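Okay, so the sequence shown: first residue is 91 according to my numbering, each after it adds one.
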Amino acid sequence: IVGGTITSVESHPWMAAIFWRSRSKKKVFRCGGSLISACWVLTAAHCFHDGSQRRSRHFSVTLGKSALNVSNPDTEQTFRVDKIFIHEGFDNSDGNYNNDIALLKLRSKHGRCAEVSASVKPVCLPPPGQTLHPGYTCQVSGFGKEKHESWYNSQYLREAQVNLLSQDVCRREDHYGDMVTDNMICASSPNWSRDACKGDSGGPLVCQAADRFFLFGVVSWGDGCAQEFRPGVYTRVSNYNKWMEGKTGLSSITAG
Ligand code: 4AZ
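What follows is the structure, given as structure tokens:
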């Protein structure tokens with residue numbers, strides 16, 4: 091997150107940290123994600139585009155995490171990954187990560203997955219096709235870089251406020267042109283100072299409506315971070331309710 095502030099997971103209790111276990115058994119941070127129900131985390135397909143989706147046993151998901159390299163047994167819940175579903179239409183042949191969405195099934199212990207607490211709680215999903223007006227203020231969160239040039243991820247969870255852009259503006263030639271499909275939604279801050287960055291991929295863009303937080307976007311791509319006319323691009327979650335219901339078997343997943 092560029093231009094944001096340190097936050098705690100209690101303010102983003104759906105935040106998931108996805109790790110990959112290297113050959114030397116080291117846990118390497120891979121991507122962010124969002125808890126959408128007790129056993130399911132929504133993230134970006136491109137987090138697994140190296141073919142690693144068949145190696146679900148090499149991944150773990152930690153919920154309730156505020157610091158990347160320090161574990162807090164009082165707040166954290168860690169799971170192995172049972173299965174990774176990459177969207178069948180995920181396509182990067184145009185370099186724009188179309189259908190950049192994936193679901194991770196957490197491996198339950200004794201038939202239970204995530205247990206709700208002050209630091210772990212699923213986010214609501216927006217109703218199918220739901221749109222918010224351009225300018226709407228939302229929040230992006232993650233452990234990604236604080237500057238595009240930085241070598242490191244943030245050690246602490248960060249959040250930033252960003253505003254939704256209209257499809258017309260984001261598709262203008264001085265923005266991204268036709269790289270932006272209907273499966274994407276763009277967001278930026280008015281002076282381009284706040285944005286998601288490398289390492290935030292897969293994480294949540296949430297918008298508050300009627301006293302609840304809804305997951306409107308999954309951090310997907312952008313040209314650099316917090317650059318003029320280069321908004322953050324997010325997977326448009328409200329296009330995928332049917333896909334999510336099909337994979338999870340959960341109907342009315344929208345109710346949150
Ligand atoms: C990345 O490389 C990335 N500014 C993610 C988000 C953005 C840019 C790059 C958005 O994962």
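Every residue, glycine too, gets a C-beta built ideally from N, C-alpha and C. Bear in mind that the values here come from a model prediction, so they are computed numbers and not experimental data.
Rounding to the nearest angstrom, what Cα-Cα distance links residue i and residue j in this structure?
i    : j    : result
A345 : N186 : In this predicted model, A345 has a pLDDT of only 47, less than 50, meaning its place in the structure is not dependable enough to derive any value.
L153 : P218 : 26 Å
P224 : L255 : 5 Å
Q220 : Q251 : 20 Å
K195 : W110 : 15 Å
E318 : W282 : 6 Å
C276 : P321 : 6 Å
G94  : A316 : 11 Å
F304 : T271 : 21 Å
L340 : Y246 : 33 Å
P294 : L193 : 13 Å
I96  : R145 : 33 Å
Q257 : P163 : 43 Å
C203 : T338 : 14 Å
S310 : A135 : 9 Å
Let me confirm a value: residue i is counted as buried when at least 16 other C-beta atoms fall within 10 Å, else exposed. Which label applies?
i    : result
S279 : buried
I91  : buried
S114 : exposed
H200 : exposed
S291 : buried
V171 : buried
S328 : buried
Q229 : buried
D268 : exposed
So, with DSSP's three-state summary, where would you put residue i?
i    : result
S291 : coil
S279 : coil
S81  : With the chain covering 91 to 346 only, the question about residue 81 has no answer from this structure.
Can you give me the start and stop residues for the beta strand (DSSP E) that residue i sits inside?
i    : result
G94  : From DSSP, G94 is part of no beta strand (DSSP E); its letter is neither H nor E.
A300 : Unbroken run through A300: none, as it is neither H nor E.
W110 : M105 to R111
**Report entry** Contained alpha helix (DSSP H) runs [length at least 4] in the region 203–269, N- to C-terminal order
**Finding:** Within the region 203–269, the complete alpha helix (DSSP H) runs of at least 4 residues are 257–260.
Query raised in the report: Taking only runs of the alpha helix (DSSP H) that begin and end inside the region 113–195, which ones reach a length of at least 4 residues, in chain order?
Result: None, since the region 113–195 contains no complete alpha helix (DSSP H) of that length.
Query - Complete runs of the alpha helix (DSSP H) confined to the region 314–346 [at least 4 residues] - result: Within the region 314–346, the complete alpha helix (DSSP H) segments at least 4 residues long are 331–338, listed from N- to C-terminus.
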